[in-house]
Amino acid sequence: EDFTVLRLKRRWLSQSYFGGMLTRRDPSGNAKALYTMGVDGLFSTRHFLGTQNFEGGAFLMSTSTPEGISGDRLAFGGELSFPNDPWDASFAFREVQGNFDPAVGFVSQVDYRRYNPSVSYALRPQKHPWIRRVSFDAAVDFQTDLSNETLTRKFEFQVLEVESQSGDNFSISITPERERLVEDFEIHEGIILPAGGIYDFTRYHFEASTANRRIVAVSPEVEFGHFYSGTRLDYSLDLNLRLRTGLIIY
Numbered sequence: 194e195d196f197t198v199l200r201l202k203r204r205w206l207s208q209s210y211f212g213g214m215l216t217r218r219d220p221s222g223n224a225k226a227l228y229t230m231g232v233d234g235l236f237s238t239r240h241f242l243g244t245q246n247f248e249g250g251a252f253l254m255s256t257s258t259p260e261g262i263s264g265d266r267l268a269f270g271g272e273l274s275f276p277n278d279p280w281d282a283s284f285a286f287r288e289v290q291g292n293f294d295p296a297v298g299f300v301s302q303v304d305y306r307r308y309n310p311s312v313s314y315a316l317r318p319q320k321h322p323w324i325r326r327v328s329f330d331a332a333v334d335f336q337t338d339l340s341n342e343t344l345t346r347k348f349e350f351q352v353l354e355v356e357s358q359s360g361d362n363f364s365i366s367i368t369p370e371r372e373r374l375v376e377d378f379e380i381h382e383g384i385i386l387p388a389g390g391i392y393d394f395t396r397y398h399f400e401a402s403t404a405n406r407r408i409v410a411v412s413p414e415v416e417f418g419h420f421y422s423g424t425r426l427d428y429s430l431d432l433n434l435r436l437r438t439g440l441i442i443y
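Count along the sequence shown from 1, add 193, and you get the number used in our numbering.
What follows is the structure in structure tokens.
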């Protein structure tokens, strides 16, 4: 087989760019060569509304298809981002059509649309003796098929994250989720959830970590709640020992 990969990128303004790419895969024998073509761009500025950061990007890709297959061979999307302090917000969209099949590489999922809005707020108490930063986050992962039937709807609420002046952290998260299975799912050996089933469940997550500069640094983590048709408990504990400068045991 012969492979060709071409990437062109042109910078414009101070932080932005536009570009294009082409891949080609030519199998041996009489099979025709397969192509993937795409264009993308990013606009980025540090002067939005005067002194704020803003980014906007988009891409469009198309693939050739084997004989007898036509249409539905695009992948496209974009993202708007407002990465600032105290507010940080973004919105991303992506669609991958059913016959999108890149000539080089792979795609993990086709025939879906995905929407990802998120927003966070960080509070920095002035001259507080213990607390450096308190933040709150909310994000959504919403996926549908191309008929706009819901596949996955996942909310991630970081109810609280606290960072101390010493670098220690503590956070609490709640994640309500809905998923419609598009194929049979073996959730455990011998236990199969059938395709078409719709499951609603909520997970709770607690995490803490001490600063890595400490002689003994620990990071406990626990998550529990419903999981598809049952319940699930996950927990872990990381331990780091800093015996001396340059010698750390994980």
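Just so you know, even glycine gets a beta-carbon here, dropped at the ideal spot from N, CA and C.
A residue is called buried when at least 16 other Cβ atoms come within 10 angstroms of its Cβ; Ala224 does not meet this threshold and is exposed. Shortest Cα-Cα distance from Gly271 to any of Thr238, Asp281 and Pro310 involves Pro310. Considering only Thr424, Phe417 and Asn362, the residue with the shortest C-alpha distance to His381 is Thr424. Apart from the 5 residues on each side of it in sequence, Leu227 sits with its Cβ closer than 6 Å to the Cβ of Arg218, Ser257 and Ala296 in its chain, given in chain order. If you ignore the 5 residues before and after Pro413, its C-beta comes within less than 7 Å of the C-beta of Ala401 and Leu430, all in its own chain and listed in chain order.
By a beta-carbon distance limit of 8 Å, Phe378 contacts Ile385. Their separation comes to about 7 Å. The DSSP-derived three-state label of Pro276 is strand. In this structure, the beta-carbon distance from Lys347 to Glu376 does not fall below 7 Å.
Nearest to Ile324 by alpha-carbon distance, out of Gln358, Val352 and Leu273, is Gln358. Rounded to whole angstroms, the separation of the alpha carbons of Phe211 and Trp205 is 8 Å. Pro279 and Leu316 do touch by the CB rule: their CB atoms are close to 7 Å apart, below 8 Å. Secondary structure of Val415 (DSSP, three-state): strand.
Residue burial annotation: Gly231 is buried, with at least 16 other C-beta atoms found within 10 angstroms of its C-beta. Under a 10 Å Cβ-count criterion, Phe293 is classified as buried, with 16 or more other Cβ atoms of the shown protein chains found around its own Cβ. Within the stretch 200 to 287, the runs of beta strand (DSSP E) at least 3 residues long that lie entirely inside it are, in chain order, 209 to 219, 227 to 241, 245 to 256 and 267 to 276. Around Gln208, the same chain offers Ser237 as residues with beta carbons nearer than 6 Å, after the five sequence neighbours per side are excluded.
Spanning the alpha carbons of Gly243 and Lys202 requires a straight line of approximately 28 Å.
Excluding five sequence positions before and after Phe394, the CB atoms of its chain that fall closer than 7 Å to its own CB belong to Glu370, Gly418, His419, Phe420 and Tyr421, given in chain order. Within the model, the alpha-carbon separation for Asn246 versus Leu235 is close to 13 Å. Sequence-distant partners of Leu199 (beyond 5 residues in either direction) whose C-beta falls short of 6 Å from its own C-beta, in its chain, are Leu215. Beta-bridge annotation (DSSP): Ser328 is paired with Ala315 and Glu354. Here Asn362 is actually not in contact with Asn405; their C-beta atoms are around 11 Å apart, not less than 8 Å.
When secondary structure is reduced to three states using DSSP, Ala388 falls in the coil class, being assigned neither helix nor strand.
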